[in-house]
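S.K.: First the structure, which I've put down as structure tokens, then a few questions once you've had a look.
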Amino acid sequence: MGVLSAQGPETVLETDRLLLRPWRVAEAVVQRELWTERDPRVPAHRRLDAEGRPTLGEMEGWIRDGSRTPSLALLAAERRSEGDVVGYCGLIDGALGPDEPELAFELLRRVWGAGYATEAAGAVVGWAQESGYHRLWATVRDWNVASRRVLTKVGFAETARVERDDVHGDSLFMTRSL
Numbered sequence: 001m002g003v004l005s006a007q008g009p010e011t012v013l014e015t016d017r018l019l020l021r022p023w024r025v026a027e028a029v030v031q032r033e034l035w036t037e038r039d040p041r042v043p044a045h046r047r048l049d050a051e052g053r054p055t056l057g058e059m060e061g062w063i064r065d066g067s068r069t070p071s072l073a074l075l076a077a078e079r080r081s082e083g084d085v086v087g088y089c090g091l092i093d094g095a096l097g098p099d100e101p102e103l104a105f106e107l108l109r110r111v112w113g114a115g116y117a118t119e120a121a122g123a124v125v126g127w128a129q130e131s132g133y134h135r136l137w138a139t140v141r142d143w144n145v146a147s148r149r150v151l152t153k154v155g156f157a158e159t160a161r162v163e164r165d166d167v168h169g170d171s172l173f174m175t176r177s178l
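full-length UniProt numbering numbers the first residue of the sequence shown as 1 and each following residue consecutively.
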């Protein structure tokens, strides 16, 4: 499903409809849009605050200097035919250490339901396997049925581990052996 190509030190994955690649500073507007669209049940530190922070300038800085990205590779998801970035997918440092990263993805609402999340996640899972990882994790809020469905489609299974959260919804831990 995914093809890994090396363009310098950068990771680039290609699928039929997507190019997964490093973020460009000009695409901070997409990150900002993702933050504005987040469900109100998402914890406050992952939503815009009352003063509108993080600002677009702060997000540009994150991309420029690589800060605030606990990622092994959190890649921009660009639609190949349209040339627009519609979200991200990749691996982040997981709670269980560097040998068992977490799959993370988020797409703009306007492209939900088109299968892009499943396509991107499948490519990242394939890349993780080619990179020598033996297991991946994902955490997802119990109420996020669409993301749970994507994870199931790419081979993740729920575990017995749940972090209870009466305010934001319980976090379910899902895993996939590679």
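Glycine included, every Cβ here is placed at the ideal spot set by N, Cα and C.
This one's a predicted model, so the numbers in the text were calculated from it and none came from an experiment.
My understanding is that residue 255 touches VAL86, with C-beta atoms under 8 angstroms, so please give their C-beta distance in whole angstroms.
M.R.: The requested residue 255 is not part of the displayed model; the chain covers only 1 to 178.
S.K.: To the nearest angstrom, how far is the alpha carbon of TRP127 from that of LEU178?
M.R.: 10 angstroms
S.K.: By a C-beta neighbour count over all protein chains shown, 10 Å radius and 16 as the cutoff for buried, is TRP137 buried or exposed?
M.R.: Buried.
S.K.: How far does the alpha helix (DSSP H) with GLU119 in it reach, from first residue to last?
M.R.: That run of the alpha helix (DSSP H) goes 116-130.
S.K.: As a quick exercise: from ARG176, LEU172, ALA73, VAL30, pick the residue whose alpha carbon is nearest that of ASP84.
M.R.: VAL30
S.K.: Kindly indicate which three-state DSSP category GLY52 falls into: helix, strand or coil?
M.R.: coil
S.K.: Between ILE63 and LEU75, what straight-line distance do the alpha-carbon atoms span, to the nearest angstrom?
M.R.: CA-CA distance, ILE63 to LEU75, rounds to 11 angstroms.
S.K.: Considering only their Cβ atoms, is the gap separating ARG80 from ARG17 smaller than 8 angstroms?
M.R.: At the C-beta level, ARG17 and ARG80 come within 8 angstroms of one another.
S.K.: For THR15, which three-state DSSP category applies?
M.R.: Three-state DSSP puts THR15 in coil, outside helix and strand.
S.K.: Of the choices VAL124, ARG176, ALA117, THR139, whose alpha-carbon is the least far from that of GLY42?
M.R.: Inspection of the sequence shows that residue 42 is occupied by Val rather than by Gly. Of VAL124, ARG176, ALA117, THR139, the residue nearest in Cα terms is THR139.
S.K.: When you compare only the Cα positions, how much space is there between LEU151 and THR118?
M.R.: 8 angstroms
S.K.: Can you check whether the CB of GLY90 is closer than 8 angstroms to the CB of residue 188?
M.R.: Because residue 188 is not part of the residues shown, which for the chain are 1 to 178, the question remains open.
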